[in-house]
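Enquirer:
Chains as they are written, first to last, in our numbering: chain W, -5 to 577; chain U, 26 to 124.
#1: 8 Å is my cut-off, CB to CB: does residue 79 (chain U) come that close to chain W?
#2: Against chain W, does residue 112 (chain U) count as a neighbour if the rule is that its beta carbon must be under 8 Å from one of theirs?
#3: Secondary structure at residue 37 (chain W), three-state DSSP: helix, strand or coil?
#4: Determine the direct distance from the alpha carbon of residue 338 (chain W) to that of residue 332 (chain W), and round the result to whole angstroms.
#5: Would you verify that the beta carbon of residue 76 (chain U) is, or is not, closer than 8 Å to some beta carbon of chain B?
#6: Under 7 Å, CB to CB, which of the residues in the region 93 to 109 of chain U have a partner in chain W?
#7: Closer than 7 Å, Cβ to Cβ, to anything on chain U: give me those residues from the region 492 to 506 of chain W, in chain order.
#8: Whose C-beta lies closer than 6 Å to the C-beta of residue 474 (chain W) among residues of the same chain, with five residues either side of it excluded?
#9: Determine, for residue 73 (chain U), whether the minimum Cβ-Cβ distance to residues of chain W falls below 8 Å.
#10: From the DSSP output, which residues share a beta bridge with residue 82 (chain U)?
#11: Sorted by chain position, which residues of the same chain lie with C-beta nearer than 7 Å to residue 380 (chain W)'s C-beta, five sequence neighbours on each side aside?
#12: At which residues does the alpha helix (DSSP H) containing residue 511 (chain W) begin and terminate?
#13: The alpha helix (DSSP H) that contains residue 245 (chain W), what's its start and end?
#14: For the region 270 to 290 of chain W, which residues have a CB atom closer than 8 Å to at least one CB atom of chain U, in sequence order?
#15: Check residue 8 (chain W) in the structure and name its three-state DSSP category.
#16: Compute the distance between the beta-carbons of residue 42 (chain U) and residue 549 (chain W), then report whether it is under 8 Å.
#17: Can you find the residues in the same chain that come closer than 7 Å, C-beta to C-beta, to residue 460 (chain W), ignoring five residues on each side of it along the sequence?
#18: With C-beta atoms as the reference, is residue 360 (chain W) less than 8 Å away from residue 352 (chain W)?
#19: If I follow the unbroken alpha helix (DSSP H) through residue 402 (chain W), where does it start and stop?
#20: Any beta-carbon of chain W closer than 8 Å to the one on residue 84 (chain U)?
#21: Below 8 Å, how does it come out for the region 133 to 152 of chain W and the region 432 to 443 of chain W: are there three or more Cβ pairs, yes or no?
#22: Could you check which residue in W:434, W:271, W:167 has the C-alpha nearest to that of residue 21 (chain W)?
#23: Quick one: does residue 122 (chain U) have its CB under 8 Å from some CB of chain W?
#24: Note down, in chain order, all residues in the region 301 to 333 of chain W with a beta-carbon under 8 Å from any beta-carbon belonging to chain U.
#25: At a cut of 8 Å, does the region 43 to 59 of chain W reach the region 441 to 455 of chain W through at least three beta carbon pairs?
#26: Three Cβ pairs or more, each shorter than 8 Å: is that satisfied between the region 64 to 79 of chain W and the region 323 to 331 of chain W?
#27: So is residue 53 (chain U) in contact with chain W if we call contact Cβ pairs under 8 Å?
#28: Candidates W:292, W:496, W:432: which alpha carbon is nearest residue 159 (chain W)'s?
#29: Any C-beta of chain W sitting closer than 8 Å to the C-beta of residue 57 (chain U)?
#30: Are there 16 or more other CB atoms within 10 angstroms of the CB of residue 492 (chain W), so buried, or fewer, so exposed?
#31: Using a 10 Å radius around the Cβ and a threshold of 16 neighbouring Cβ atoms, would you call residue 508 (chain W) buried or exposed?
#32: Distance cutoff 8 Å, beta carbons only. Does residue 251 (chain W) sit that close to anything in chain U?
#33: Report buried or exposed for residue 54 (chain W), applying the criterion of at least 16 other Cβ atoms within 10 angstroms of its Cβ.
#34: Specify the secondary structure class of residue 346 (chain W) as computed by DSSP and reduced to three states.
#35: Would residue 188 (chain W) count as contacting chain U if we go by Cβ distances under 8 Å?
#36: May I ask whether a heavy atom of the ligand PLP can be found less than 7 Å away from the beta carbon of residue 239 (chain W)?
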């Protein structure tokens, strides 16, 4: 290449570049515009609670559909096949689980965040401090895949750009946006970003299917034949298909359950396919538990239940969210399937150049038939990817920054801080959190986006989920029981994730150990199957031991959690509580 | 105001809270069971009946069709039923307490 400072612009597709630029500019403009309308501190934290059902449902969906949903699922389906389908299904089911057991009671209780709930349910400011830690732990694990998505997208738009530069640029832009806009703006931006993401995934899918064959017929060609040259569509009633290269799994393994994703550890240990099947089943169940339970513990999702005016609106919002995210999740796997048939060269690459970018690159194959239109669609897909990681990253940044500014600073360090000081702290904290997220994100190029999001879910499943579920439905819980279960369960999952990541990124060498112990590898990679019951068991045992510490007004607390909002118990509770506590 | 104190007694009684939690939990568990049977049963079907689940339906394998497409409408159905029932349950509970 050359030494010109603009060398990274070499190989840039102008259409892809233009569409992405417009998206980013639009997002930033929205941030600045809403900065003028959101002035008070409460605007920043809960968006003023004045959002309609349609906007709110779109905003929740917009925030929920992260880079993992937009890029990661397709990439993973392409890489490992059937087993990756558990991710989109469990993301949707997890939301249902949240609706069934946790959303209603938590809303009635009127706590803005999980730390608020932890403090209110057990009258314990100490517990709040413990609970805040997990907003940050889960948050950072969840920002890493968003950053990988950012780095991958920028490395696709600018083929000459190193991965870490993309991470740094996107991280800086979003942090600036949050510092200036807060959450009021983000509700509107997030809502629009949902529709942008849906548009950006469905339009390329429909066009590609019209040209290269439908979902079913593309899956149908994966029937185990060995290709040495591209099949010609004209000669048979099948779609054309490119021969597989690189680390592509064979058809039979790819299209059936218990494939490459779940048998990796057993295969490395040299077990036969028959011997490795039970391991594979264990992996699948553990993954399901992590994803379904983990959704309930994501810090940036729960807070949105409070942006509805009342409980009925909250329930209607949730129904819409289920539909909006369900519709979306049908599409990414289709791109993974088409990617396997038409762009198999991605199997040979790793990191930012690997299968995680299939959503972005696949539409470009249309250029061979329709001139620049493939590039235009690829630009649309890039715009959707920007919408995906920008919206989720902003949501996480607001939650994590809120935890630091509102809890650590506003309640622990400087309880007497003025609103202006808190506001300034919010901005400093946003810059700090954004900086750490960029540093972490630049290290994880070799890990799959979807896999990393699964890890954040696994930590949430072993910490916040048991806390919320048990606190809502079991009145025998004590603060000590809840805190120890959440802390030990969550830290156990966190350590497993850290070990797996360090070993997969080759920062520590555990390869020979894993080969010798495939079961341990699976239980460490997908810990939910033991860590969730373990956390719940700890909560029960320790609560039984310390049962004299059950909050005195437990019946009133349970009533507030479960009685219909129409009875107005919340206000009564607040009055009694303030009288009782004497402040 | 005798009426208002009656109302308070009902709301704050142990029996009201117990029935409240029992009815809500029963509804939630029934809905959760409906989706957990499908979610946890599918891996078992894949494990014990691999050839049946690999049957091709319009290009899809049966198990791919269930997991990749049909699961989502099923989840909508369950959440729709839950929301309808739970709103009705809340209205009933509020009515009982106000009586």
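Quick reminder that beta carbons are idealized off the backbone N, C-alpha and C, glycines included.
Expert: Taking the coordinates as given:
#1: At least one C-beta of chain W is nearer than 8 Å to the C-beta of residue 79 (chain U).
#2: Judged by the 8 Å Cβ criterion, residue 112 (chain U) is in contact with chain W.
#3: Reliability of the predicted coordinates at residue 37 (chain W) is poor, the pLDDT of 45 falling under 50, and the value obtained from them is presented with this limitation in mind. For residue 37 (chain W), the three-state secondary structure derived from DSSP is helix.
#4: For residue 332 (chain W) and residue 338 (chain W), the gap between their C-alpha atoms comes out near 9 Å.
#5: The structure shown contains no chain B; its protein chains are W and U.
#6: Against chain W - using a Cβ distance shorter than 7 Å - the residues of the region 93 to 109 of chain U are 93, 94, 96, 97, 100, 101, 103, 104, 105, 107, 108.
#7: Of all residues in the region 492 to 506 of chain W, none is placed with a Cβ closer than 7 Å to any Cβ belonging to chain U.
#8: Shown here for residue 474 (chain W): same chain residues with a beta carbon closer than 6 Å to its own, the five before and five after excluded, namely 536, 540 in chain order.
#9: No, no contact with chain W.
#10: Residue pairing by DSSP places residue 82 (chain U) opposite U:85 in a beta bridge.
#11: If the five residues before and after residue 380 (chain W) are omitted, its C-beta is found closer than 7 Å to the C-beta atoms of 14, 17, 18, 147, all from its own chain and listed in chain order.
#12: Careful: residue 511 (chain W) lies outside any alpha helix (DSSP H) and carries neither H nor E.
#13: It spans 245 to 249 - the alpha helix (DSSP H) in which residue 245 (chain W) sits, taken as one unbroken run.
#14: Close to chain U, meaning a Cβ-Cβ distance shorter than 8 Å, are the following residues of the region 270 to 290 of chain W: 271, 275, 278, 279, 282, 286.
#15: DSSP, read as helix, strand or coil, puts residue 8 (chain W) in helix.
#16: In contact: residue 42 (chain U) and residue 549 (chain W) (Cβ atoms closer than 8 Å).
#17: Taken in chain order, the residues that qualify are 479, 480, 483, 526, 529, 530, 533.
#18: In this structure, residue 360 (chain W) sits away from residue 352 (chain W), with a CB-CB distance that is not shorter than 8 Å.
#19: Unbroken run through residue 402 (chain W): none, as it is neither H nor E.
#20: Output row for residue 84 (chain U): interface = yes.
#21: As far as the Cβ criterion goes, the region 133 to 152 of chain W touches the region 432 to 443 of chain W, which means the pair count is three or higher.
#22: Here the closest residue by C-alpha is W:167.
#23: Yes, because at least one Cβ of chain W sits closer than 8 Å to the Cβ of residue 122 (chain U).
#24: Residues of the region 301 to 333 of chain W that bring their beta carbon within less than 8 Å of a beta carbon in chain U comprise 305, 306, 309, 310, 312, 313, 316, 317, 320, 321, 323, 324, 327, in sequence order.
#25: Because the criterion of three Cβ pairs below 8 Å is not met, the region 43 to 59 of chain W and the region 441 to 455 of chain W do not touch.
#26: The region 64 to 79 of chain W is in contact with the region 323 to 331 of chain W.
#27: Yes, residue 53 (chain U) counts as interfacial toward chain W.
#28: Taking only the C-alpha atoms, the option nearest residue 159 (chain W) is W:432.
#29: Closer than 8 Å: yes.
#30: By the beta-carbon neighbour count (other beta carbons within 10 angstroms, threshold 16), residue 492 (chain W) is exposed.
#31: Under the 10 Å beta carbon count, residue 508 (chain W) is surrounded by 16 or more other beta carbons and is classified as buried.
#32: True, the Cβ-Cβ gap to chain U drops below 8 Å.
#33: Buried: at least 16 other Cβ atoms inside 10 Å.
#34: In the structure shown, residue 346 (chain W) sits in a helix (DSSP, three-state: H, G or I).
#35: By this cut-off, residue 188 (chain W) is not an interface position.
#36: This structure lacks the ligand PLP; in fact it carries no ligand of any kind.
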